[in-house]
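**Q** In our numbering, the protein residues as written are 0 to 114.
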C-alpha cells in the first residue's frame, strides 16, 4: 500500500504543534506563532511565562541532530527579528531565546540560548 510521505513544511508544522502543546502544558501562554519580520526572517513561536517573553525556535529531524541547525547565523537573524517584533509592538520587556528540538518522538527544551 502506498504511504504518503510528509513534506518538509508538513513536518515543520507538526513539530510546531508539538512544541506549542509542550509549552502550554508547562505554563506558557502562546502570544503569536510564525511571526514574519519582513526580510529578516520568521519567529516560530512567541510565548510568555512569569512576565518574560520567550522567542522559540523549533527544529525537527529524524536522521540527524536537529540542534546543529541552530547556527550563529540563524541566531543573529532571530535576534534581528526579535528586535523588529519588539519595535513594531512597542514593547520594552524581558525576553530570552529558547529552542525546542524534536527528534522522532523526543522533545528537548533548551532555554535561554545565545550566540
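We put the beta carbon where it would ideally sit given N, CA and C, even for glycine.
These numbers come from a predicted model, not from an experiment.
(1) Determine the burial state of residue 58: buried for a count of at least 16 other Cβ atoms within 10 Å of its Cβ, exposed for fewer.
(2) Along the chain, where does the alpha helix (DSSP H) containing residue 19 start, and where does it finish?
(3) Are residue 72 and residue 39 touching if we call contact CB-CB under 8 Å?
(4) Rounded to whole angstroms, how far is the Cβ of residue 156 from the Cβ of residue 19, which I believe are closer than 8 Å?
(5) Would DSSP call residue 88 helix, strand or coil?
(6) By DSSP's criteria, residue 40 is part of a beta bridge. Which residues make up the other side?
**A** Taking the geometry as given:
(1) For the purposes of this step, residue 58 is taken as residue 59 along the chain shown, with counting starting at 1. Classification of residue 58: buried, given that the 10 Å Cβ count is 16 or more.
(2) The residue labelled residue 19 in the question sits at position 20 within the chain shown. First-last of the alpha helix (DSSP H) with residue 19: 7-24.
(3) Taking the chain shown and counting its residues from 1, the one referred to as residue 72 is at position 73. Taking the chain shown and counting its residues from 1, the one referred to as residue 39 is at position 40. Contact: no.
(4) A question about residue 156 goes unanswered here, because the residues of the chain that appear run from 0 up to 114.
(5) As a working note, residue 88 is residue 89 in the chain shown. Note: residue 88 maps to coil in three-state DSSP.
(6) For the purposes of this step, residue 40 is identified with residue 41 of the chain shown, where counting begins at 1. Bridge partners of residue 40: none, in fact.
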